[in-house]
Amino acid sequence: MVASPTSQDSSTDPALINIDDLGFSYNQGKTETIQGVSLHCPEKQVTAFIGPSGCGKSTLLRCINRMNDLVETSKITRGSINIMGQDINAPDVDAIELRKQVGMVFQKYNPFPKSIYENVAYGLRIQGIKNKSTLDEAVERALKGAALWDEVKDRLKDSALGLSGGQQQRLCIARTTAVSPKVILMDEPCSALDPIATAKVEELISELRRDFTIVIVTHSMQQASRISDNTAFFYLGELVEYGDTNKIFSNPSVKQTEDYISGRFG
Amino acid sequence: MVPNTDKHKSAKLKQTASSEVASKSLFKRKRGLRIMGLNFGTDGLVKGFFGGNAYLAILFLLFICLFLWKSAIGFVPHYRTELKDARRSGIELSNIIADETKGHQGIYNILSTGFVHEKRHSFGQQEAVIYVYEELEALADDALEDEIDAYLNLDDGPEKAAAAVGLKAKIDAASRAIPAAELLDPVKLRIESLENISEEVLAQAIGYAQQYALDDYTTPAAIAAINKDINSQMGDYGKALNHCKASAKDLNTLHEAIEQNALATFDLLKKNREAEESVKTLTTGLEKIQKVGTSAEEVAKRKKQINTAESTIIKVDTNARILPVYALLKKHDATVGTMKEELRAGISMIPVESIVTQEAKDSVTLANKLLVEFDPIISENREILKNWRHDEELTTFDSLKAFFFGSVWNTGSSRQSLFGILPLFTGSLLISAVAMCFAIPLAVGAAIYVNQFANKREAGILKPTIEFIQAIPSVVLGLFGVLVVAGLLKDISQVAWLQWIPGFPIADRLNVLLAGILLAFMASPTIFTLAEDALNNVPKAHAEASLAMGANKLQTTLKVIVPASLSGIIAAVMLGFGRVIGETMVVLLVAGNMAKMPDFTAGFDVIGQSVHTMTGIIASENGEAVPGSILWEGLFMVGLVLFMISLTINSLCQRIINRNKA
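Encoded structure:
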């Protein structure tokens, strides 16, 4: 069974990411962390993954850009993930090329111990771009896109570690967008930030959805309801319910979802 | 109502009091053993034990520092006296002139080498015969030397006649033994320059050598004929060479005269100093026992000893003794001028057109070039000698300068001792630099591989194995180096197709390169472990972020992980450097221990030279150092310099590491 957002938009917005009956294991298939999840993420929309700790939402996120490859004993046990019609686990797919298209923002902001400029230019540099004006342009565009330009334009050569937490996280987002990926994955991007910085990042996310397809994992249900178009609720490695955010939060069709959203467990 | 409340109150009070008593007895400190107001309970003892150990270590460190300072500080005035005596006696002057004679000798040696080359080229075959013959002759002589001496010492008479018969028989036997293989092999070894001695040459030489022995040790006519032949053909060249050699005759004589005068004065000054020293020790000794109280007999005996010591002190009038030196000095300018002119004339006498070999031609060119360079040195020396005064004051600063910038370390000679740390410092630095050139790529590379690329199993094998290198005792490593690697390296450096490597072929068997390689091996585990730690301390998030941007493993490692851990890696490298510069046993065994300035004019070939090091000199010369002597203090001074270097390196590393942590 394939869950799909019930929103009307889904027909006009073709699904960019198709996850079909995915099973994933961290220990060579002995136990499955994700058990037969199927869902579609429409293009240029924000899809939120919610659920209690250990439900597999972050793991699923990391499957989308194959970050789980770094865990030696990890294994896709069944199913597939298609991005733009291409099975990303096919043997001829280069994970490095995939990650250039599917960027990621992490829970704890993690800029490199380099200058602000070098952080943003990093992705372009590793792609072999050396032209100074191209780099300058891309850095400026990415920082403007992340609403950070005005705050840092006078100190691009300063260390990125001197920025505030919220600024560092927005810098990480700028770093990810600088290489113009198709998809941005966000793994609880606001969990280490204070409410004001969180508001700024949320604002940024709603700006970014004009250009990027975003998948976000969040612990905060308010956040999911504020910023996402579609919401998927996971429990114990299974997808319980997936649909339009408004519907999930106002009128969930599964009892478990309702219990979780209303705070009865989780 | 009222009494009731009162009763209630008192009951409450009572209760509080009793609970206070209970808490007192419950939590009261148990009285331990108290001695002199100090608590010696179990806790106190344990604390005292650990604390005592810590403070003992610090106390010991303080003691070492103090002792090092005290001994090293004493060196400065003592060295000043030594230098002052050298100046007053004229040794300093003699040394200046020695520079000129040495310069002449250097030029002559170059010419002479060219001449020998030419001769060998033109008369190779005959030369070889003479060479082998001379070596065999030396062997035969060596074997019977003592007996021939004994024979010659005998008085004429029947005894001598009998000995003559016996000797003759022995000589016959020796000469017959000459062709024996066990005799020929060492000869062949000794004449390394004539690598392939043909059978013909060998046979001829053996014949002559047998003849030599049988003819009662007279040079065979054939050999004399060859020598004459060579002489006639190369006579002009030889004469020119002799002219060059003779050009410095007057200067050498002058130098020797000054030297003798100076040495005699210096010797007297030295003896006086020693006598004064012993009078001082004896006097203090006497004062000590007088304080305690002793017999008049003992005091008289001691006083007599002091008088004897005092009587050996001779008043040395350096001002009077230096006068002949000044008289000789007047002749110096003219003499050195003659030497230069004659040397030039000698070189121009060499028949360059008839020279066949390139080596000989090159030697003449080089000699001419050096002769030009010699000019400014000579005029500079003239200027120095003109202003030289034997009674010029020498400050403490001068003695420090002579220590830190002196380029000669010479302590064992009868002349004045020279304590110039520069050759040792340069040697240590040179070896460390070479070691670092090998160790940094090796250890840091290994650390990067183990930390970033190796899988768990591989890392589990590599890491402990590399760290195991640290377990090799340095003396074992040094022994391995001197007995195995030294020969191997020398052989490799002579392989023809490896000559593009800078520094090849190496000049000395024990050299900077060899010491550098072994020390690099020694320092590798230190650098490896610390660099690996530094890499490990880079947050995993950095690597994840980079990989998530589509960087591959290599890009992530080189552009994110290594830069992020760079300060840690630098600290690791510096600690490795500290370890290398302080290492003693290996350098003592393999650096060659030549306390001379490395010859940097050789360019990169300098790594093939033997050097001495600061650590090596302390280890090798401490046996001869009498407590309190200038050598003893000088070695401590070197130790102090080493200590300061290590301290600087360590504190720099600490600073880097701390800054990184913050």
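Protein sequences, first through last, are from chains A and B. Just so we're aligned, residue 1 is where the first sequence starts under the UniProt record's numbering, counting upward by one. Just so we're aligned, residue 1 is where the second sequence starts under the UniProt record's numbering, counting upward by one. Built from N, CA and C at the ideal position, the CB exists for glycine as well.
Return the CA-CA distance between residue i and residue j, expressed in angstroms with no decimal places.
i, j, result
"Leu483(B)", "Leu510(B)", "10 Å"
"Ala619(B)", "Leu588(B)", "8 Å"
"Lys255(A)", "Val217(A)", "22 Å"
"Phe604(B)", "Lys75(A)", "56 Å"
"Pro5(A)", "Gln107(A)", "At Pro5(A), the pLDDT of 46 sits below 50, so the modelled position is not reliable and the matter cannot be decided from this model."
"Leu479(B)", "Arg125(A)", "50 Å"
"Phe50(B)", "Cys65(B)", "23 Å"
"Leu251(B)", "Cys653(B)", "55 Å"
"Gln8(A)", "Ala197(A)", "With a pLDDT of only 39 at Gln8(A), under 50, the local geometry of the prediction cannot be trusted, and no value is derived from it."
"Ser10(A)", "Asn536(B)", "The predicted position of Ser10(A) is uncertain, since its pLDDT is 40 and thus under 50; a value taken from the coordinates is nonetheless stated next. Roughly 46 Å between the two C-alpha positions."
"Pro598(B)", "Asp158(A)", "46 Å"
"Asp20(A)", "Asn230(A)", "17 Å"
"Ala3(A)", "Arg457(B)", "Caution applies to Ala3(A), whose pLDDT of 48 falls short of 50 and renders its modelled position unreliable; the value that the coordinates give is listed next. Computed Cα separation, rounded: 43 Å."
"Gln290(B)", "Ala275(B)", "22 Å"
"Ala300(B)", "Gly634(B)", "37 Å"
"Cys55(A)", "Ile469(B)", "48 Å"
"Ala240(B)", "Ile350(B)", "5 Å"
"Ala367(B)", "Glu100(B)", "15 Å"
"Pro563(B)", "Thr176(A)", "20 Å"
"Leu236(A)", "Ile116(A)", "40 Å"
"Ile130(B)", "Ala360(B)", "21 Å"
"Glu159(B)", "Val165(B)", "10 Å"
"Ala602(B)", "Thr134(A)", "49 Å"
"Gly263(A)", "Ala443(B)", "56 Å"
"Met1(B)", "Phe27(B)", "Low per-residue confidence applies at Met1(B): pLDDT is 44, beneath 50, and the placement is therefore not dependable, though the value from the model is reported in the following sentence. Answer to the nearest angstrom: the Cα atoms are 39 Å apart."
"Asp508(B)", "Asn109(B)", "19 Å"
"Ile184(A)", "Asp244(A)", "20 Å"
"Ala138(A)", "Phe425(B)", "53 Å"
"Thr335(B)", "Asp229(B)", "36 Å"
Out of the options, which one is the CA nearest neighbour of residue i?
i, options, result
"Asn65(A)", "Asp92(A), Ile83(A), Val139(A) and Glu72(A)", "Ile83(A)"
"Lys84(B)", "Glu259(B), Ile377(B), Leu418(B) and Met349(B)", "Leu418(B)"
"Gln358(B)", "Thr42(B), His117(B) and Gly503(B)", "His117(B)"
"Gly29(A)", "Ser58(A), Ile205(A) and Thr73(A)", "Thr73(A)"
"Val475(B)", "Phe405(B), Gly616(B) and Ile421(B)", "Gly616(B)"
"Arg273(B)", "Phe504(B), Leu286(B), Ser311(B) and Thr101(B)", "Ser311(B)"
"Lys539(B)", "Thr47(A), Phe112(A), Gly128(A) and Met104(A)", "The sequence as given places Pro at residue 539(B); Lys does not occur at that position. For the residues Thr47(A), Phe112(A), Gly128(A) and Met104(A), the minimum Cα distance to Pro539(B) belongs to Phe112(A)."
"Asn261(B)", "Gly74(B), Glu297(B), Leu329(B) and Ala240(B)", "Leu329(B)"
"Ile630(B)", "Leu45(B), Ala72(B) and Lys47(B)", "Ala72(B)"
"Pro181(A)", "Thr59(A), Glu43(A) and Ser262(A)", "Glu43(A)"
"His78(B)", "Ala54(B), Gly412(B) and Asp398(B)", "Asp398(B)"
"Glu134(B)", "Gly207(B), Leu489(B) and Gly576(B)", "Gly207(B)"
"His243(B)", "His390(B), Leu167(B), Val586(B) and Gln105(B)", "Gln105(B)"
"Ser89(B)", "Ala320(B), Ile645(B), Val641(B) and Thr365(B)", "Ala320(B)"
"Thr113(B)", "Ile377(B), Tyr449(B), Lys280(B) and Asp362(B)", "Asp362(B)"
Opposite residue i in the DSSP bridges: which residues?
i, result
"Ser80(A)", "Asp20(A)"
"Phe233(A)", "Ile50(A) and Glu241(A)"
"Asp87(A)", "Asn82(A)"
"Gly103(A)", "Ile184(A)"
"Lys75(A)", "Ser25(A)"
"Gln41(A)", "For clarity, residue 41(A) is Cys in the given sequence; the question names Gln instead. In DSSP, Cys41(A) forms a bridge with Ile17(A)."
"Arg209(A)", "Note: Arg209(A) sits in no beta bridge, so no partner."
"Ile314(B)", "Beta-bridge pairing links Ile314(B) to no other residue."
"Ile216(A)", "Ala48(A) and Met186(A)"
Residue i: beta carbon under 7 Å from a heavy atom of the ligand ZN?
i, result
"His390(B)", "This structure lacks the ligand ZN; in fact it carries no ligand of any kind."
Exercise. Enumerated in chain order, which unbroken segments of the alpha helix (DSSP H) with a length of 4 residues or greater are wholly contained in the segment 106-173 of chain A?
Worked result: For the alpha helix (DSSP H) assignment, the uninterrupted runs of no fewer than 4 residues enclosed by the segment 106-173 of chain A are, from N- to C-terminal side, 116-126, 132-145 and 149-152.
Exercise. Going along the chain, which unbroken runs of the alpha helix (DSSP H) with 4 or more residues stay wholly within the segment 426-493 of chain B?
Worked result: 445-448, 456-468, 474-480 and 486-493
Problem set entry | Interface positions of the segment 531-551 of chain B facing chain A (Cβ-Cβ less than 8 Å), listed along the chain | Pro539, Ala541, His542, Glu544, Ala545, Ser546, Leu547, Ala548, Met549, Gly550 and Ala551
For this session: Note down, in chain order, all residues in the segment 560-581 of chain B with a beta-carbon under 9 Å from any beta-carbon belonging to chain A.
Result: Flagged, chain order: Val560, Pro563 and Ala564.
Exercise. Going along the chain, which unbroken runs of the alpha helix (DSSP H) with 4 or more residues stay wholly within the segment 522-558 of chain B?
Worked result: 540-548 and 553-556
Exercise. What are the residues of the segment 459-470 of chain B that lie near chain A, defined by any Cβ-Cβ distance shorter than 9 Å?
Worked result: Answer set for the segment 459-470 of chain B: empty.
Problem set entry | Length-filtered (4 minimum) alpha helix (DSSP H) runs lying within the segment 225-312 of chain B | Those alpha helix (DSSP H) runs which fall completely within the segment 225-312 of chain B and span 4+ residues are 249-292 and 296-311.
Problem set entry | Secondary structure, beta strand (DSSP E): runs of 3+ residues fully inside the segment 573-629 of chain B | none
Problem set entry | chain B contacts from the segment 150-176 of chain A (Cβ-Cβ distance under 8 Å) | Cys172, Arg175 and Thr176
Problem set entry | Cβ-based contacts, 7 Å cut-off: residues of the segment 73-93 of chain A near chain B | none
Exercise. Using a beta-carbon distance cut-off of less than 8 Å, what residues from the segment 480-508 of chain B approach chain A?
Worked result: Near chain A, meaning a CB-to-CB distance below 8 Å, no residue of the segment 480-508 of chain B qualifies.
For this session: Pull out every residue of the segment 442-453 of chain B whose Cβ sits closer than 8 Å to any Cβ of chain A, in chain order.
Result: none
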